[in-house]
Amino acid sequence: MIKQKMVEETVCRLFKEAVIKLPDDVKKALKTAYDLEEDETALLNLKAILDNVDAAENGGIPLCQDTGLPIIFVKYGKVEVENNHEGIVNGIINGVKRGTEEIPLRPNVVDPLTRRNTGNNIGRFIPQIDVELVNTDSLEITVFPKGFGSENNNALKMALPGEGEAGIKDFVLETVLSAGGKPCPPMVVGVGIGGTSDMALKLAKKALLRQVGVNHTEKRISNLEKDILEVVNSTGIGPMGMGGKTTALDVKIEYADTHTAGLPIGVCIQCWSARRATGILKP
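Residue numbers (the working numbering): 853 to 1135.
Printed below as a string of structure tokens:
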């Protein structure tokens, strides 16, 4: 049996890892962007980012003052968990509380209308927990602290079917141009296609869990990712919006089948601090 305390300790540990240590694939992409850059201002911004990454890791402190909204993706396999789903939910909630106090995480969670801060990153339907049932012998937990400098630039379009791939490219480009330097580029762009309106945005966010530099397994989707990345980087927005070659480190696409009358397109933007961490629990 997987104990609730194990879930709590894992979530706390994963948040500490996520907010302090940038994943290796993201660091590699940032270093590649620096090596390819020629613009002096862009080089200064990329160097500042890389120095920040080293300082956070060496000092054991968060990469950014915005330690994000706590989002957790769970892959629930054929395992027994103490108190079943309640054990998972309570373990996650307690792990977020501990992380907020011990790491510490900035308390970001507020009532949407009164703006009253809960003080511990726990609130109504927060942490946001996404559960996927899978055919494994484990419980996989991925924490995804999502900063709102980038989240505020997400967008949804209920496109017409006839707009096709050209319409998808145009909408992603429109969203990136509107965002400019606000999401702290170089960004990672998640794109969700199909499903319903809410599903398209969820797919866009889940796309961001894939490693930077690893394209979709389906060739047609992989080609679309590469085409959109080229278009986005041709904008010249560059690091921190001050010009340069690299506006986006990568474009990630996930899709679902949809209704014959629609083409939902969700765009979820992630800042250069593309934080995530995964742990696997087994009985």
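Ideal placement from N, C-alpha and C gives every residue a C-beta, glycine not left out.
Keep in mind that this is a model prediction, so the values were computed, not measured.
### Chain-order list of residues whose beta-carbon lies under 8 Å from that of K949 (same chain, five-residue window excluded)
N972, N973, I974
### Query
Is F977 helix, strand or coil when you go by DSSP?
coil
### Query
Which parts of the segment 1054-1104 are runs of the alpha helix (DSSP H), unbroken and 4 residues or longer, counting only runs that do not cross its ends?
1071-1085
### Query
Apart from the five residues just before and just after T952, which ones in its own chain have a Cβ nearer than 7 Å to its Cβ?
P959, N972, N973
### Message
Using 8 Å as the threshold, is the C-beta distance between E1015 and L888 below it?
### Response
no
### Straight-line Cα distance separating T966 from N1067
42 Å
### Message
Rounding to the nearest angstrom, what Cα-Cα distance links L1133 and Q980 in this structure?
### Response
20 Å
### Minimum C-alpha distance to P956 - residue among G920, T988, V986, G939
G920
#### Entry: Anticipated Cβ contact below 8 Å, A1108 with G1046, distance rounded
4 Å
### Message
Quick check: what's the CA-CA separation for L1076 versus D982?
### Response
27 Å
### Query
Based on Cα-Cα distance, which residue from N904, V933, G943, K998 lies nearest to L1061?
K998
### Task
Could you say which of E869, M858, V859, D906 lies nearest to A1129 if we only look at CA atoms?
E869
### Query
What are the boundary residues of the beta strand (DSSP E) that K927 is part of?
921-928
### Cβ-based neighbour list, V905, same chain, cut-off 7 Å, excluding 5 preceding and 5 following
L874, K879, L915
#### Entry: Start and end residues, alpha helix (DSSP H) containing C864
856-872
### beta strand (DSSP E) segment containing I944, residue limits
Where I944 is concerned, there is no enclosing beta strand (DSSP E), although the alpha helix (DSSP H) it sits in stretches over 936-954.
### Task
Please report how far the alpha carbon of G1131 lies from the alpha carbon of P922, in whole angstroms.
16 Å
### Task
Just confirm the distance between the C-beta atoms of I1121 and P1035, as a whole number of angstroms; I'd bet it's less than 8 Å.
5 Å
### Complete beta strand (DSSP E) runs within the segment 983-1040 (minimum length 3 residues, chain order)
991-998, 1007-1011
### Task
For G1095, collect the residues of the same chain with a Cβ closer than 7 Å to its Cβ; drop the 5 residues on either side in sequence, then sort them by chain order.
D891, T893, A894, G1088
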